[in-house]
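Line order of the protein sequences matches chains W and Y. Read in order, the letters of the first sequence correspond to residues 1 to 404 in our numbering. Read in order, the letters of the second sequence correspond to residues 1001 to 1308 in our numbering. Everything on this sheet refers to the single structure shown next.
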Amino acid sequence: MNAHAQPAALRAPFWTPGVLVMFAFIAAALFFIVARYTGGLGAVTNLSDAYPWGLWIGIDVATGVALAAGGFTSAALVHIFGRHAYESVTRPALLTAVLGYTFVSLALVVDIGRSWTIWHPIVYHQGNSVLFEVAMCVVTYLHVLYIEFIPIVAEQYRGRVHLPGPLAVLNRPVDAFLGFADRILDKVMWVFIIAGVVLSCMHQSGLGSLLLIAPTKVHPLWYTPILPLLFLMSAIAVGFPMIIVENGLASASFELQDESGLLARLSRVTIFLLGAYLVVKLGDLFARGAHVHLWEGTTQSKAFLVEVVLGVIAPWCLLLSSRIRSSRRGLFIASALIVGGVALNRVNVFLVSFQPPYAETSYFPSIGEIVITTGFIAALMLVYRVLVTYLPILSPKSREVASS
Amino acid sequence: MNLNRREFFRVAGIAAATPLLERCVEAAGGELSGESYGCLVDLTRCIGCRKCEQACNVVQRLPAPERSFDDLLVLEKPRRMDSHTFTVVNRVHTGVVDEHGRPVPTYIKLQCMHCLDPACVSACPVGALTRKENGAVHYNASRCIGCRYCMVSCPFQVPCYEYQDPLTPRVRKCTFCFEQRLAEGKIPGCIGVCPVEALTFGPRSQLLETARKRIQDDPGRYIQHIYGEKEVGGTGWLYLSGVSFDRLGFQKLPERPMPKLPETIQHGLYSYLWAPIVLFGALGGVMKLTARKAPGGTPEEREEGAES
């Protein structure tokens, strides 16, 4: 049994070379963020009137949301479908979702032209707009995620809140809040868990609906009325592989409980989920007759082939073999391919497929866009590290197991 | 020095355009009725004088251009609208020649098409873009968040952005002179100034009749296609041409309005939030069922767990 996989604060040393590298990335990004708020979007990005959406929408927002899907898929698996054996994967997945959506929101603040108006959709509703629906879902889901996260904080700090310096006056109120929230949430958490899954299904598919309004600008390899369904299916399929990839990365820098057996079993679900996505995606491609574009030799056709062959078909075949599933490295590689495939899909849909009729040049992200994106990713990883250090999220290797 | 020169032309431009603009106020006949207005562009009449560009620049108080509106050499290269140019005239050679064998160019005025069912209005998450009753697609900067989804969605690639403004950038496009003129019963600046009546202002239904009549009266001069009558569900600005629109760089566009598909999906799933509520109920039911089982999971799972 995996009962000994018990989440605990890792208490690992903070200042490692990796952390310094993260800080360097963040500092570089801050430089360009200052430039963005002094010279405008035009000063740091390659965005234009023809290409109004770039790397930040493709990676930070679309890919960020997709790769945070481990949060709702694992919550559904464990809390709704009652597969409690997988309990230990829910906390890191939840943390990834919390951080993923937080950074999606931050990236949006930087990307939108009038950053301080980010709250407008909450007040000015426009029910016909797909983006309005996505925005409202993301805002609500972000709050749901934070609420789902409270019990983890309470578990660690309830009854022992010691804020530093003058903040100490807040010790009692914070403690009281944690206790109160913990007690209430214990009874009503099911509402938030289900709401989280529903909201995720809504905006994961909603992101796919965004480009349906521009049929003449999106390459036929990707433009399909079922784009929202494909976005939802790929988000569901990438949830568990993302958990496996994260576990692999976390295990590389922390002494963690070996959960490869559990993850191998989890990946069996992925065979079905990814297979279903593949069947629907290819079925749709041939049903629309868009497969004729596959061998055009253009950037678009190549990007589509890489996305499907390397990002879906190859890892699906790998996962079919039980030898690969039970090998740590094999499972990691297969999962990483799936994660890469879904990320490439989002980039393809939002950037590669986008062909404005009167564009003179094509879009390629600027140094500033790339640096800000990597800065956000580095900041996310850094906060992840801090939180697993102080909160019971990952399961450290227990002494007995280590010595045996 | 250069600036002074430019400023001179600007002032001169305003002076030249003003009487023309005043004249067309009368032409509109005061109050506009509650109808949806548009403009008929007759490409067979346009002479490429760029007076419409100049009038637009003056009425909209846009920054003076780098090259004077009298400079017809700018027609050498096809241009697009930008954040301080709401309309441009381009010259296209289609191979048509006159009786002396000289090429006859076609001049094409571009601006916001003021669609009947605009993609940008449907896309905007905060309702900063709206379609007014008189036909103008109107932008309200104070609501705008700067997501630029309108620009992504526009099939004509019209809205432009003030990318150089760090804090208060605006989406920029032809306003149909909504605030400057239409609201007061005056007709848009570019239309009134046209010296050859290539631009005709009026209720859209009437413009379509006018267009059909012109084609009927002179079938040799026109092709049988009113661009904008059916494209993307219809546009406020309509075009008549003597050569195929494909050859002039006009896109072949579907007759279905762009917002149709996404709006059908959105309203299909989210009217009264029925789909999310059903999903919530279904998941709640599943949760209740599984919770009844032993907390250790199903026997199968315990067996699975023992494998590791």
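Just so it is clear, CB atoms sit at the ideal spot from N, CA and C, and this is done for glycine as well.
- For residue 1146 (chain Y), the nearest CB of chain W lies under 8 Å from its own CB, placing it at the interface with that chain.
- Residue 1062 (chain Y) has a beta carbon lying at 8 Å or more from every beta carbon in chain W.
- C-alpha of residue 1177 (chain Y) to C-alpha of residue 1189 (chain Y): approximately 7 Å in a straight line.
- Burial is judged here by how many other beta carbons sit within 10 angstroms of a residue's own beta carbon; residue 203 (chain W) has at least 16 and is buried.
- Interface flag for residue 1068 (chain Y) against chain W is unset, since no Cβ pair is found closer than 8 Å.
- Only residues of its own chain outside the window of five on either side were considered, and among them 224 and 226 have a CB closer than 6 Å to the CB of residue 284 (chain W), listed in chain order.
- Comparing alpha carbon positions, the residue from W:48, W:9, W:96 and W:320 closest to residue 361 (chain W) is W:48.
- A Cβ of chain W is located within less than 8 Å of the beta carbon of residue 1149 (chain Y).
- Residue 113 (chain W) belongs to the set of residues whose beta carbon lies under 8 Å from a beta carbon in chain Y.
- Here residue 1277 (chain Y) is not bridged, per DSSP, to any residue.
- At a cut-off of 8 Å between C-beta atoms, residue 223 (chain W) does not count as an interface residue with respect to chain Y.
- Sixteen is the threshold: when 16 or more other Cβ atoms of the shown chains lie within 10 Å of the Cβ of residue 339 (chain W), as they do, the residue is buried.
- In the DSSP assignment, residue 1039 (chain Y) falls within the unbroken beta strand (DSSP E) covering 1037-1042.
- Under the three-pair Cβ rule at 8 Å, the stretch 96-109 of chain W does not count as touching the stretch 168-176 of chain W.
- When 7 Å is used as the limit between beta carbons, residue 143 (chain W) is near no residue of chain Y, the shortest such separation being about 16 Å.
- The closest CA to that of residue 248 (chain W), considering only W:353, W:61 and W:334, is found on W:334.
- One alpha carbon belongs to residue 160 (chain W), the other to residue 391 (chain W), and they sit about 13 Å apart.
- Proximity of the stretch 317-336 of chain W to the stretch 259-269 of chain W meets the contact definition, three or more beta-carbon pairs being nearer than 8 Å.
- Excluding its 5 nearest sequence neighbours in each direction, residue 115 (chain W) has C-beta neighbours in its own chain below 7 Å: 109, listed in chain order.
- For the 8 Å CB-CB criterion, residue 216 (chain W) and residue 1155 (chain Y) form a contact.
- Within chain W, no residue has its CB atom less than 9 Å from the CB of residue 1133 (chain Y), the nearest being about 18 Å off.
- For residue 1109 (chain Y), no alpha helix (DSSP H) encloses it; the enclosing beta strand (DSSP E) starts and ends at 1103-1110.
- Per DSSP, residue 1090 (chain Y) is one residue of the beta strand (DSSP E) stretching across 1088-1097.
- Taking 8 Å as the threshold, the shortest C-beta distance from residue 1279 (chain Y) to chain W falls below it.
- Taken atom to atom, the span from the alpha-carbon of residue 1236 (chain Y) to that of residue 1161 (chain Y) is near 23 Å.
- Looking only at Y:1119, Y:1201 and Y:1115, the smallest Cα-Cα distance to residue 1151 (chain Y) is reached by Y:1119.
- Taking a Cβ-Cβ cut-off of 8 Å, residue 1104 (chain Y) has no neighbours in chain W, whose nearest Cβ is about 24 Å from it.
- For residue 1203 (chain Y), the beta-bridge partners assigned by DSSP are Y:1037.
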